[in-house]
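Student: The structure is given below, and queries will be raised subsequently.
Protein chains: 2
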Amino acid sequence: MPFYYQLRQILLADVGLNLKPGDRMPSEGEMCSHYGVSRTVVRQAVDELGREGVIYKVKGKGTFVTSRKLESSHVQNVAGFYASMASKGHTISSRMLRQVIVPASAYVAQKLSLDIGAPVVAIDRVRSVDGEPISVVRACLPQVLVPGLESIDLREVSMYAVISERFGLRPHHGRRTIEAIAISVEDAAYLGVKPGLPALRLESVARTAENVALEHFESVYRGDRSKLDIQLADQQ
Amino acid sequence: MPFYYQLRQILLADVGLNLKPGDRMPSEGEMCSHYGVSRTVVRQAVDELGREGVIYKVKGKGTFVTSRKLESSHVQNVAGFYASMASKGHTISSRMLRQVIVPASAYVAQKLSLDIGAPVVAIDRVRSVDGEPISVVRACLPQVLVPGLESIDLREVSMYAVISERFGLRPHHGRRTIEAIAISVEDAAYLGVKPGLPALRLESVARTAENVALEHFESVYRGDRSKLDIQLADQQ
DNA sequence: TAGTGGTCTAGACCACGAC
DNA sequence: TCGTGGTCTAGACCACTAT
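Quick mapping for you: the protein sequence lines, in order, are chains A and B.
For the first sequence, counting from 1, position 73 maps to 73 in my numbering; every step adds exactly one.
For the second sequence, counting from 1, position 118 maps to 354 in my numbering; every step adds exactly one.
Rendered as C-alpha cells:
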C-alpha cells in the first residue's frame with residue numbers, strides 16, 4: 001500500500017476516535033516528522049480527505065475536522081444499487097422478470113449509441129430490500145460487450161460485480177435523471193401498490209472510461225417507501 | 237493565477253478544440269518541457285481534470301480524452317438553483333410569498349440543530365424559469381447567521397451570492413433527499429397544476445465548512461415539467 | 001514574528017504496457 | 001527495452017493568520 005493511502009487511513013481512524021468535530025488536525029509539518037514521510041505524501045492524504053469532506057483546510061490557520069458522516073448514495077455513485085444497499089447492512093434480493101437478448105428499440109439504441117435492432121441483453125427485475133419490493137428495474141446492455149450475461153443467475157449478486165469480473169468492464173461516469181410519475185398498472189402490481197400513485201422514475205446511462213455506453217436502465221421506486229439521498233460537497 | 241490552474245485551462249481548451257474523444261494527451265514529461273513547469277504542476281492540473289471526468293489515465297499507456305460534456309446539476313452542487321440555471325442561459329425569477337422572521341418549528345429546529353422557537357428567517361418563493369413557474373421553495377436560515385436577510389430583495393438575485401457577500405458564509409457540504417409526492421392544493425395553485433398530480437419534493441440541509449447548519453429548504457417541482465439531473469463519476 | 005497551508009522545483013525509483 | 005503514469009524525497013518561497 002502506498003504511504004499516502006496508509007496515512008489517509010490513519011487520519012480517518014483518528015477522526016473517528018481521537019478527534020472531535022471542529023478539532024484541529026496536526027499541521028502538515030508535524031505529520032511529516034511524526035510519520036517520517038515527505039510533505040507530498042501528507043498533502044496527498046490530507047487533500048483526499050478534504051475532497052471527501054471529512055476535513056477542511058483554512059489557509060494560515062490549519063486543518064480541521066468536519067465530522068459529518070458520509071453515507072454515499074447509490075444515486076450518484078456508479079457503484080450501483082446492490083453495493084450501496086449492502087454496505088448499509090440491508091439484504092437485497094431480485095425477482096427476475098426477464099433476462100433475454102432482444103433487438104434494441106429506437107429509444108434504447110439512441111441512449112446506448114447502437115443501431116436500432118442491435119442485440120441487447122434485457123434484464124428486468126423487481127428489487128426487494130429486506131424482503132419488501134421497492135423498485136422495478138429494466139436494464140439493457142449491448143450484447144457484444146457482455147456475451148453470456150443473459151444466462152448468469154443475477155438474483156443474489158451485484159450485476160456490476162459480475163460485469164467487472166467476467167468482462168473486465170467498469171462503469172466510470174454517466175448521467176441520471178429523476179422525475180416524478182404516476183405509477184403504471186404493471187409496475188403497481190409488481191410493487192403491490194395502487195396504480196396512479198406518485199412514484200420516482202430514475203433513468204441512467206453508464207459509460208466506461210473510454211466513453212463506451214455500457215448500460216441503460218430505468219427504475220421505478222414506489223413513492224411511499226423511497227427517498228433518494230444525495231450528498232453535496234463543494235469543490236475545495 | 238497558479239501555474240497548475242493556467243495549465244488546467246489550457247488543457248481544457250485543447251480538449252474542446254484540438255483533441256477528440258479517445259485521443260491521447262501529451263505525456264506528463266512532454267507537458268513539463270513544453271510548458272516549462274515541473275511535474276508536480278502538470279500532475280495537479282491533469283489530476284483535477286481527471287477527477288472532473290474530462291480525461292482519464294491508464295498506467296503504462298497514457299492520458300486520454302473522455303470528451304463527455306459536463307453539465308453540473310444543481311441537485312448535487314451546493315452552488316444553488318440560481319447559479320445552475322443561470323449558467324445554462326435560463327432566466328430565473330422569483331415571486332416572494334413570505335420573507336419574515338419566525339420561530340423555528342420543531343422540525344426545522346431539528347434539521348438546523350437549533351432550539352425550538354429560535355428565530356429563523358423564512359423565505360418562501362415560487363421560482364420561475366423562463367417565465368414559467370417550476371417550483372415552490374420554502375427555505376429557513378438561522379437568524380443569528382444572516383441578520384437583515386429578511387429585508388433584502390431576493391427576487392432577481394442568487395440568495396447564496398447574497399449570503400456569501402454580506403455575511404461571508406458559504407455552503408460547503410450537505411445532504412439532499414428526493415421523493416415523489418402528490419402535490420398539495422396550495423402548491424398546485426402556485427404552480428398552476430391540478431392538486432394530487434405527481435411532483436418531486438427535494439429537501440436539503442446545507443452546512444458551512446465548520447459544519448454549522450446554514451440553511452434548510454424544501455422545494456416542490458411540478459412533475460410534468462421537471463427532471464433532476466445527476467452526474468456520475470467514479471473515483472479515479 | 002512565527003506558524004500555517006498553497007505552490008513549485010528537480011530530481012528519484014517503481015509497476016505496467018507496448019514493442 | 002523504453003515510455004507511461006504512480007509514488008516519493010528534500011528542499012524552496014509565498015500569502016495568510018495569530019500574537
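The beta carbon of each residue, even a glycine, is placed where N, CA and C say it ideally should be.
Since the structure is predicted, the reported quantities are computational estimates derived from the model, not experimental observations.
Could you run through the region 10-30 of chain A and flag, in chain order, every residue whose CB is less than 9 Å away from some CB of chain B?
Tutor: Contact residues of the region 10-30 of chain A toward chain B are P21 and G22 (C-beta to C-beta distance below 9 Å).
Student: According to DSSP, is V398(B) helix, strand or coil?
Tutor: What you label residue 398(B) is simply residue 162 of the second sequence in a count that begins at 1. Correct three-state label for V398(B): helix.
Student: In three-state DSSP terms, what is S387(B)?
Tutor: The residue labelled residue 387(B) in the question sits at position 151 within the second sequence. DSSP, reduced to helix, strand and coil, places S387(B) within a helical segment of the structure shown.
Student: According to DSSP, simplified to helix, strand and coil, what is Q6(A)?
Tutor: For the purposes of this step, residue 6(A) is taken as the residue at position 6 of the first sequence. Helix at Q6(A).
Student: Does the CB of G60(A) have a neighbour CB from chain B at under 8 Å?
Tutor: Start at 1 with the first residue of the first sequence, and residue 60(A) comes out as number 60. So, not an interface residue.
Student: Let me see if you follow: with CB-CB separation under 8 Å, is R412(B) close to chain A or not?
Tutor: Counting from 1 along the second sequence, the entry for residue 412(B) is found at position 176. Chain A, which has a Cβ nearer than 8 Å to the Cβ of R412(B), makes this yes.
Student: Could you list which residues in chain B have their beta carbon closer than 9 Å to that of T66(A), in chain order?
Tutor: On the first sequence, residue 66(A) is found 66 positions in, with the first residue counted as 1. Ordered by position in chain B, the residues that pass the 9 Å Cβ test against T66(A) are H408, H409, R443, A445, E446 and N447.
Student: Could you name each continuous beta strand (DSSP E) segment of 3 residues or more that falls completely within the region 105-159 of chain A, going from the start of the chain to the end?
Tutor: Correct list: 119-129 and 132-142.
Student: Kindly list, in the order they appear in chain B, the residues whose Cβ is closer than 7 Å to that of A180(A).
Tutor: For the purposes of this step, residue 180(A) is identified with residue 180 of the first sequence, where counting begins at 1. Here the neighbours are A416, P434, A435, L436 and G459.
Student: Could you tell me the alpha carbon to alpha carbon distance between V277(B) and E266(B), rounded to whole angstroms?
Tutor: Counting from 1 along the second sequence, the entry for residue 277(B) is found at position 41. Counting from 1 along the second sequence, the entry for residue 266(B) is found at position 30. Distance between the alpha carbons of V277(B) and E266(B) is about 13 Å.
Student: Which residues in chain B sit within 8 Å of S226(A), going by Cβ to Cβ distance?
Tutor: What you label residue 226(A) is simply residue 226 of the first sequence in a count that begins at 1. Against S226(A), the close residues of chain B are E415 and A416, in the order they occur along the chain (beta-carbon pairs closer than 8 Å).
Student: Who pairs with S93(A) in a beta bridge, going by DSSP?
Tutor: As a first step, residue 93(A) must be located in the first sequence, where it is residue number 93. Paired residues: S128(A).
Student: With 8 Å as the threshold, decide whether the Cβ of I466(B) is near any Cβ in chain A.
Tutor: Taking the second sequence and counting its residues from 1, one reaches residue 466(B) at position 230. I466(B) counts as touching chain A.
Student: On a CA-only basis, which of A161(A), V220(A) and E165(A) is nearest E415(B)? Give me that one, please.
Tutor: Against the second sequence, residue 415(B) aligns to sequence position 179. With distances taken between Cα atoms, E415(B) lies closest to V220(A).
Student: In angstroms, rounded to a whole number, what distance separates the CA positions of R39(A) and E48(A)?
Tutor: Indexing the first sequence from 1 puts residue 39(A) at position 39. Indexing the first sequence from 1 puts residue 48(A) at position 48. For R39(A) and E48(A), the distance between alpha carbons rounds to 14 Å.
Student: Between the region 268-298 of chain B and chain A, which residues of the former have CB atoms less than 7 Å from a CB of the latter, in chain order?
Tutor: G289 and Y292
Student: Near L450(B), which residues of its chain fall below 7 Å by C-beta distance, leaving aside the five closest residues on each side in sequence?
Tutor: Reading the second sequence from its first residue, position 214 is the one you call residue 450(B). Within the same chain, L450(B) has close Cβ partners L377, L381, L405, P407, A442, R443 and T444.
Student: Taking a contact to mean a Cβ-Cβ separation below 8 Å, would you say Y426(B) touches P369(B) in this structure?
Tutor: Counting from one through the second sequence, the residue named residue 426(B) turns up at place 190. Counting from one through the second sequence, the residue named residue 369(B) turns up at place 133. Their beta carbons are under 8 Å apart, which means Y426(B) touches P369(B) by this criterion.
Student: Could you tell me whether the Cβ atoms of P21(A) and V65(A) are closer together than 8 Å?
Tutor: Locating residue 21(A) in the first sequence gives position 21, counting from the first residue. Locating residue 65(A) in the first sequence gives position 65, counting from the first residue. Yes.
Student: Using a 10 Å radius around the Cβ and a threshold of 16 neighbouring Cβ atoms, would you call L306(B) buried or exposed?
Tutor: Numbered from 1 along the second sequence, position 70 holds the residue referred to as residue 306(B). Residue placement at L306(B) is flagged as unreliable, the pLDDT there being 46, under the threshold of 50; a coordinate-derived value is accordingly withheld.
Student: Of the residues S364(B), I359(B) and Q346(B), which one's Cα is nearest the Cα of S330(B)?
Tutor: In the second sequence, residue 330(B) corresponds to position 94, counting from 1. The shortest Cα separation from S330(B) among S364(B), I359(B) and Q346(B) belongs to S364(B).
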